[in-house]
C-alpha cells in the first residue's frame, strides 16, 4: 500500500541522483512544488523523460544543474517563447539531448506498460530525428512486403512523478482524463504523486470516479502539496499563472537572473 | 500592412487563408504554439455550424474545452495513425523548397548555432495526416531556405515508405504557396494584399514555380472578420490569451475594469 508521506521531501526520497524520471507535459499535472524540492535537495544527473514535451519544469531543472540527459520532443515556454535555460544548455553542450517525437515517447512507454521490448511506429523514416537515435531501428514489416517501419525500445523509467487533484486513504489517485499519467505509472518501476488533497471516500467505489483513477497498487508514495502545480495549471482546478511565467522568462534570460529567480522562488520557500 | 489601411490584420488574413485551405473535412487538429492555425480551425468549425454541419471536429492539443480526448495525450497520435485526422499544421525554424521542416537546430546538430524547441509530433504527423498546412509568419531567406540544416520531417518520401499524408501548402506573411508532392516542389499560388511577386522572390531562399498568372490573395470578407472577432476570439482566449488580447482586443470577453 502506498505511503502517505508526512513531508514532501520524504515522498521524494526514492528519487535519487542519476535516476530516470518520467514527468508529464505542461498541461497534464506537472509536479512543480516537488520539482522545487528536488532542486533544493541538489539532485544531480537526472535522466528526465518529459512525456512528450515540457516547459518550466525542464527549464528549471536544467538551469539548476540537475539534468544529465533530457529525452523529449520539445521544450518551450508556450506563448512566452523559447525556454531560456534549455536553449543555453544545448548551445553550450552541458546536457545530453535525446531528441524524440511525441508519439515515439508515448509508444515507448506503452511498450513498458505491456512488458514487451519494443513498439513499432509509423513516420520517422528519412528524418534526422531517426538519424540521431542509434537506439531506434528500422526493420521490414514481417507481415508486409517491402514496408520499412521503425522500432522503438521500451522506456522503463525508475520513477514516474506527477501532480494530481486528489488521492484517497488507500493511495488511489484521481487523474481525470489525463490518460498519459496512467501509462507513466504503469511503465515506471515506482510512482510518486503529489496531490491537492486527500479524501476519505474510496475512489474505486464510485464507478464514475473509478474511470479516471490510478489504482494505489501502482503508487509508492504520496505527499499533499496544495497548489503543487503552481505556476503551471492543474486541469479543471487552476489555470497557469501567466504573470509569473512572464516574470520567469525575464529572469531566466541570463544565468545571473536565473540564480536570482532560484533564490527568490525555489530556495526561499513560499509561505503556504 | 496595417489594420488601418486594409481593415484587417496580418493574422486575420492568414487565418482566413488557412480556413479556406482546410475545406470541408471531418477533423482538424492543432498542435502547440499555433495560434493562427487555431483561429482558422475554429473559424472553419463556425462556418460548418452556420451551414448546419456537425463538422469539422476541432482538436486543440493544449485545450481543456476544445478537444474530445479521453485517452490522454497519445489519443491525437493514435487517431492520426488510423487516418482519423484530416488536417494538421506545422511551422519550422527553417522550411526548404522540398517541404522539409526543421524544428530542431541551425548548424551542426552536435554543435548548433541556434536551437529551437524540438520536433514535437512533426516526425510522425507529417507522414500520416493527408493535409498538412505549413505556416511561417516570418517569410525571409533565413526561414525559407534551399536546404534545412535538420530534417524534423521530410516533405516527401520514397515510394516504399508508408505515407498517407504530407504538405499541401505553405502560408507566409507575404504569400501562399501550393505544394506538388509528385515533384516535391512549391508553386506560388497567391500574393497577399500589399505585397508583390518581386518581393516574394527576393525574400525566398528556395526555388519555386511561378505560374504566368498569380492572383492576389482574397481579403477576408466582412462576415469572416466578424466570425473571427466575435465568435472565435473568445474561444481562442482559453489557449492563447496573449495572442487573443493582441490580435482581437475587442473579441475577448469583457472583464471588469475594461474601458
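Chains as they are written, first to last, in the numbering used here: chain A, 2 to 273; chain B, 26 to 284. Positions of the beta carbon are idealized from the N, C-alpha and C atoms, including for glycine.
Chain B contact for residue i (CB, 8 Å cutoff)
i	result
residue 222 of chain A	no
residue 100 of chain A	yes
residue 103 of chain A	yes
residue 14 of chain A	no
residue 9 of chain A	no
residue 83 of chain A	yes
residue 133 of chain A	yes
residue 256 of chain A	no
residue 248 of chain A	no
residue 29 of chain A	yes
residue 267 of chain A	no
residue 107 of chain A	yes
residue 43 of chain A	no
residue 80 of chain A	yes
residue 273 of chain A	In this prediction, residue 273 of chain A scores a pLDDT of 44, lower than 50, which makes its location untrustworthy; the coordinate-derived value is nonetheless stated afterwards. Answer no: the Cβ-Cβ gap between residue 273 of chain A and chain B never drops below 8 Å.
residue 184 of chain A	yes
residue 226 of chain A	no
residue 17 of chain A	no
residue 88 of chain A	yes
Within-8 Å CB hit, residue i to chain A
i	result
residue 102 of chain B	yes
residue 280 of chain B	Residue placement at residue 280 of chain B cannot be trusted, given a pLDDT of 43 that sits under 50; the coordinates are not used to answer.
residue 45 of chain B	no
residue 59 of chain B	no
residue 98 of chain B	yes
residue 283 of chain B	For residue 283 of chain B, the pLDDT reaches just 38, beneath the cut-off of 50, and the residue's location in the model is therefore unreliable, although a value from the coordinates is still provided. Output row for residue 283 of chain B: interface = no.
residue 89 of chain B	yes
residue 129 of chain B	yes
residue 221 of chain B	no
residue 267 of chain B	yes
residue 84 of chain B	no
residue 276 of chain B	Bear in mind that the predicted position of residue 276 of chain B carries a pLDDT of just 48, short of 50, making it too unreliable to give a figure here.
residue 259 of chain B	no
residue 245 of chain B	no
residue 65 of chain B	no
residue 26 of chain B	Residue placement at residue 26 of chain B is poorly supported in this model, since its pLDDT is 49, which falls under 50; the coordinates still yield a value, given next. Judged by the 8 Å Cβ criterion, residue 26 of chain B is not in contact with chain A.
Interface partners of residue i on chain B, CB under 7 Å
i	result
residue 123 of chain A	106, 149, 152, 153 and 187
residue 149 of chain A	185 and 186
residue 91 of chain A	137 and 140
residue 245 of chain A	Result: empty, since nearest Cβ-Cβ is about 14 Å, beyond 7 Å.
residue 26 of chain A	98
residue 261 of chain A	Residues of chain B passing the Cβ test: none, with the nearest at roughly 24 Å.
Partner residues on chain A for residue i, Cβ-Cβ distance less than 8 Å
i	result
residue 175 of chain B	129
residue 95 of chain B	178 and 180
residue 146 of chain B	53, 74, 102, 103 and 104
Selection from the options that minimises the alpha carbon distance to residue i
i	options	result
residue 51 of chain B	B/61, B/34 and B/104	B/104
residue 218 of chain A	A/246, A/187 and A/247	A/187
residue 99 of chain B	A/99, A/242 and A/53	A/53
residue 260 of chain B	B/236, B/31, B/93 and B/71	B/71
residue 202 of chain A	A/211, A/222, A/169 and A/262	A/169
residue 172 of chain A	A/182, A/205 and A/157	A/205
residue 244 of chain A	A/75, A/238 and A/231	A/231
residue 126 of chain B	B/239, B/45, B/221 and B/178	B/178
residue 105 of chain A	B/264, B/154, B/102 and B/213	B/102
residue 109 of chain A	A/269, A/73 and A/192	A/73
residue 94 of chain B	A/207, A/178 and A/95	A/178
residue 24 of chain A	A/213, A/220 and A/158	A/158
residue 274 of chain A	A/223, A/89 and A/174	Outside the modelled stretch of chain A, which goes from 2 to 273, sits residue 274 of chain A, for which no answer is possible.
residue 37 of chain B	B/267, B/262, B/220 and B/251	B/251
residue 97 of chain B	A/181, A/249, A/190 and A/196	A/181
residue 133 of chain A	A/98, A/18 and A/77	A/98
Partners in chain B for residue i, counting only beta-carbon separations shorter than 8 Å
i	result
residue 76 of chain A	142 and 143
Contact list for residue i against chain B, beta-carbon separation under 9 Å
i	result
residue 236 of chain A	89
Partners in chain A for residue i, counting only beta-carbon separations shorter than 9 Å
i	result
residue 182 of chain B	126 and 127
Partner residues on chain A for residue i, Cβ-Cβ distance less than 7 Å
i	result
residue 178 of chain B	128
*Would you check if there are 3 or more beta carbon pairs closer than 8 Å linking the segment 85-92 of chain B to the segment 121-134 of chain B?*
no
_Segments of 4+ residues assigned as alpha helix (DSSP H) that fall wholly inside the segment 2-66 of chain A_ = 9-12, 33-42 and 57-64
*Could you tell me whether the segment 62-81 of chain B touches the segment 36-46 of chain B, using the rule of 3 or more Cβ pairs below 8 Å?*
yes
*Contact between the segment 61-69 of chain A and the segment 41-49 of chain A: three or more CB pairs below 8 Å?*
yes
*Segment contact flag, the segment 146-161 of chain A with the segment 122-132 of chain A, C-beta cutoff 8 Å, min 3 pairs*: yes
*Okay, do the segment 114-128 of chain B and the segment 139-154 of chain B touch, 3+ Cβ pairs below 8 Å being the bar?*
yes
_Give the list of continuous beta strand (DSSP E) stretches no shorter than 3 residues that lie fully inside the segment 62-128 of chain A._
68-73, 97-100 and 119-122
_contact_flag[the segment 77-93 of chain A, the segment 75-85 of chain B] where n(CB pairs < 8 Å) is 3 or more_ = no
*How about the segment 190-198 of chain A and the segment 13-32 of chain A: do they share at least three Cβ pairs that are nearer than 8 Å?*
yes
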